[in-house]
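Chains as they are written, first to last, in my numbering: chain A, 1 to 110; chain B, 1001 to 1116.
These notes are about the structure you will find just below.
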């Protein structure tokens, strides 16, 4: 399983766009990139998943460069309720396990 | 409403007293798994199940047992709990494999276990 590296923490202000970058230098050809969000004392929640280029849904965008060695989760116009830990995961679609890294603690300030 | 439920949500017990944490999903999911979350260590997978009667070890299976007799239920059993099993436990389920791009993994609300 490819190892991921993310910043431990980030601060932002309400209304700003937040970009969290994840490094996965050893990503394999068949690996997908998935981001989860976790609020305190709650289970993680799926945000977005992608393989290459750009993926957008109602919550976030995921940017993946051509070499796929990193990815960036973009949260548009964050609010206080977006304060959470964000996890970047990399895995083959046939993988039987999810491996969570340390995640990034995002704190949105008023 | 599609959901994963866990019971109990909070439990305080003593060393050696067998306990079971139940997990149930109403989405007809084939894949289910258990994680524990500890400060500084993140989420670590304990066991997972691909389908009824099919279970396998995750990264930290020692001290735990699971069973999958029915598709919807995946209980976590601690035969002889010890203080180092004090943790926040999450059950999760998905229709297929957890990284399958056609699917999403759903997590339960968590069970906070304290072993004295």
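Note that the Cβ used here is the ideal one computed from N, Cα and C, for glycine as well.
| Item | Value |
| --- | --- |
| Exposed or buried, which one is residue 1035 (chain B) when buried takes at least 16 other CB atoms within 10 Å? | buried |
| Run through DSSP, which three-state label would residue 1025 (chain B) get? | strand |
| Between the stretch 29-41 of chain A and chain B, which residues of the former have a C-beta closer than 7 Å to a C-beta of the latter? | 32, 34, 41 |
| Assuming the contact rule is C-beta atoms closer than 8 Å, residue 98 (chain A) and residue 17 (chain A) should be a hit. Round their C-beta distance to whole Å, please. | With a Cβ gap of about 27 Å, residue 98 (chain A) and residue 17 (chain A) do not count as contacting. |
| Let's see if you can read the secondary structure: which residues bound the beta strand (DSSP E) around residue 50 (chain A)? | 45-50 |
| Is residue 1041 (chain B) helix, strand or coil when you go by DSSP? | coil |
| Quick one: does residue 84 (chain A) have its CB under 8 Å from some CB of chain B? | no |
| Let me know if residue 1038 (chain B) comes out buried or exposed under the rule of 16 or more other beta-carbons within 10 Å of its beta-carbon. | exposed |
| Identify which residue in A:72, A:43, A:42 has its Cα closest to the Cα of residue 56 (chain A). | A:72 |
| Within its chain, find whatever has a CB closer than 6 Å to the CB of residue 1020 (chain B); leave out the 5 residues flanking it on each side and keep chain order. | 1075, 1077 |
| To the nearest angstrom, how far is it from the Cα of residue 3 (chain A) to the Cα of residue 1013 (chain B)? | 36 Å |
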